[in-house]
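Asker: Position one of the sequence shown corresponds to residue 1 (full-length UniProt numbering), numbered consecutively onward. Glycine included, each C-beta is placed from N, C-alpha and C at the ideal position. Quick caveat: nothing in here was measured; it's all calculated off a predicted structure.
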Amino acid sequence: MKTGQKLPDVTFHTRVRDESIGGPNPFRWEDKTTADYFGGKRVVLFSLPGAFTPTCSTYQLPGFENGFADFAAQGIDEIYCMSVNDSFVMNQWAKAQGLQNVKVIPDGSGEFTRRMGMLVRKDNLGFGLRSWRYAAVVKDGVIEAWFEEPGLCDNHGEDPYGVSSPETVLNWLVEANKEQAA
1 MKTGQKLPDV TFHTRVRDES IGGPNPFRWE DKTTADYFGG KRVVLFSLPG
51 AFTPTCSTYQ LPGFENGFAD FAAQGIDEIY CMSVNDSFVM NQWAKAQGLQ
101 NVKVIPDGSG EFTRRMGMLV RKDNLGFGLR SWRYAAVVKD GVIEAWFEEP
151 GLCDNHGEDP YGVSSPETVL NWLVEANKEQ AA
């Protein structure tokens with residue numbers, strides 16, 4: 001579907017720890033671009049409806065975090081988790097999840113998600129605009145493989161999960177690497 005598509009060029013507004021600031025909240029704003037995250041690397045990007053939500057916090061994010069070594073063994077440099085949440089929320093979620101391997105990307109305004117065609121309304125849950133759940137293998141900013149949950153639509157009554165799971169993405173990588181080696 002989106003295989004071969006170049007990722008949209010977007011600026012993400014992030015908060016990064018900076019000990020030179022001092023005090024109880026030593027963070028500063030730092031803008032990062034699509035090129036900063038995806039340029040010159042092979043990465044897994046997965047996007048989900050919201051930080052701190054049940055499926056995201058219980059299965060998807062921990063699965064990618066705990067499986068990082070398996071992904072690295074398949075040639076993945078980084079794993080990124082994106083959500084239409086601001087940097088404050090994403091940083092607190094990463095902290096609460098004890099992330100060491102997966103890096104979070106805040107798409108606070110939903111611009112990247114909108115330009116990917118994955119921005120949906122979740123008003124039925126009181127969320128507003130959010131990302132539909134998907135994952136991708138991205139090489140130097142170009143989508144190599146795409147994993148989109150079925151039923152993309154506004155106010156979907158369920159939260160499908162499986163197609164974008166860590167297991168599905170890892171299985172694809174293993175098979176793709178076998179084919180490449182043959």
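Using only the alpha-carbon positions, how far apart do residue 190 and Phe64 sit?
Answerer: Here the chain has residues from 1 to 182 only, and residue 190 is not among them.
Asker: Does DSSP put Glu148 in a helix, in a strand, or in coil?
Answerer: Position 148 of the sequence shown, counted from the start, is the residue given in the question as residue 148. If DSSP states are grouped into helix, strand and coil, Glu148 belongs with the strands.
Asker: Could you tell me which residues DSSP pairs with Cys56 in its beta bridges?
Answerer: For the purposes of this step, residue 56 is identified with residue 56 of the sequence shown, where counting begins at 1. None, per the DSSP bridge assignment.
Asker: Return no unless some Cβ of chain C is closer than 7 Å to the Cβ of Asn155.
Answerer: Included in the structure is just one protein chain, with no chain C present.
Asker: May I ask you to report which of helix, strand or coil DSSP gives residue 185?
Answerer: Residue 185 lies beyond the residue range present for the chain, which begins at 1 and ends at 182; the question has no answer from this structure.
Asker: Have a look at Gly162 and Gln5 and give me their C-alpha separation to the nearest angstrom.
Answerer: If you number the sequence shown from 1, residue 162 lands on position 162. If you number the sequence shown from 1, residue 5 lands on position 5. Going from the Cα of Gly162 to the Cα of Gln5 covers about 23 Å.
Asker: Alpha carbon to alpha carbon, how far is Ser20 from Thr168? Give it in angstroms, no decimals.
Answerer: Locating residue 168 in the sequence shown gives position 168, counting from the first residue. Locating residue 20 in the sequence shown gives position 20, counting from the first residue. Whole-angstrom Cα-Cα distance: 42 Å.
Asker: I'd like to know if the region 65 to 84 and the region 30 to 43 are in contact, where contact means that at least 3 CB-CB pairs between them fall below 8 Å.
Answerer: Taking 8 Å as the limit for Cβ pairs, the verdict is that the region 30 to 43 does touch the region 65 to 84.
Asker: Taking DSSP's pairing of strands, which residues face Arg42 in a bridge?
Answerer: Residue 42 sits at position 42 when you count from the first residue of the sequence shown. Per DSSP, Lys139.
Asker: Within 10 angstroms of its Cβ, does Asp175 collect 16 or more other Cβ (buried), or is it exposed?
Answerer: The residue labelled residue 175 in the question sits at position 175 within the sequence shown. The residue you asked about is not Asp; residue 175 is Glu in the sequence shown. Glu175 should be labelled exposed.
Asker: Using the three-state DSSP reduction, which class does Pro106 fall into: helix, strand or coil?
Answerer: Counted from its first residue, the sequence shown places residue 106 at position 106. Looking at Pro106 - three-state DSSP - the assignment turns out to be strand.
Asker: So, helix, strand or coil for Leu129, using DSSP?
Answerer: Stepping through the sequence shown from its first residue, residue 129 is reached at position 129. Strand at Leu129.
Asker: The beta strand (DSSP E) spanning Glu78 covers which residue range?
Answerer: Within the sequence shown, numbered from 1, the residue matching residue 78 stands at position 78. Per DSSP, Glu78 belongs to the beta strand (DSSP E) from 78 to 83.
Asker: Assuming Lys95 is part of the alpha helix (DSSP H), what are its boundary residues?
Answerer: Here residue 95 refers to the residue found at position 95 when the sequence shown is read from its first residue. Where Lys95 is concerned, the enclosing alpha helix (DSSP H) stretches over 87 to 97.
Asker: Give the straight-line distance between the Cα atoms of Ser47 and Ala135, rounded to the nearest whole angstrom.
Answerer: Residue numbering aside, residue 47 sits at position 47 when the sequence shown is read from its first letter. Residue numbering aside, residue 135 sits at position 135 when the sequence shown is read from its first letter. In a straight line, the C-alpha of Ser47 is about 6 Å away from that of Ala135.
Asker: Scan the region 8 to 36 and note each continuous beta strand (DSSP E) run of 3 residues or more that stays entirely inside, going in chain order.
Answerer: DSSP runs (the beta strand (DSSP E)) wholly in the region 8 to 36: 11 to 17, 27 to 33.
Asker: What residue does the alpha helix (DSSP H) around Val120 start on, and which one ends it?
Answerer: Position 120 of the sequence shown, counted from the first residue, corresponds to residue 120. Element bounds for Val120: not the alpha helix (DSSP H) but the beta strand (DSSP E), 119 to 121.
Asker: Excluding the 5 residues flanking Glu158 on each side, which residues of the same chain have their C-beta closer than 6 Å to its C-beta?
Answerer: For the purposes of this step, residue 158 is taken as residue 158 along the sequence shown, with counting starting at 1. Answer for Glu158: no residue qualifies.
Asker: Beta-carbon separation of Val120 and Asp154 under 7 Å?
Answerer: Here residue 120 refers to the residue found at position 120 of the sequence shown. Here residue 154 refers to the residue found at position 154 of the sequence shown. A contact, by the Cβ cut-off of 7 Å.
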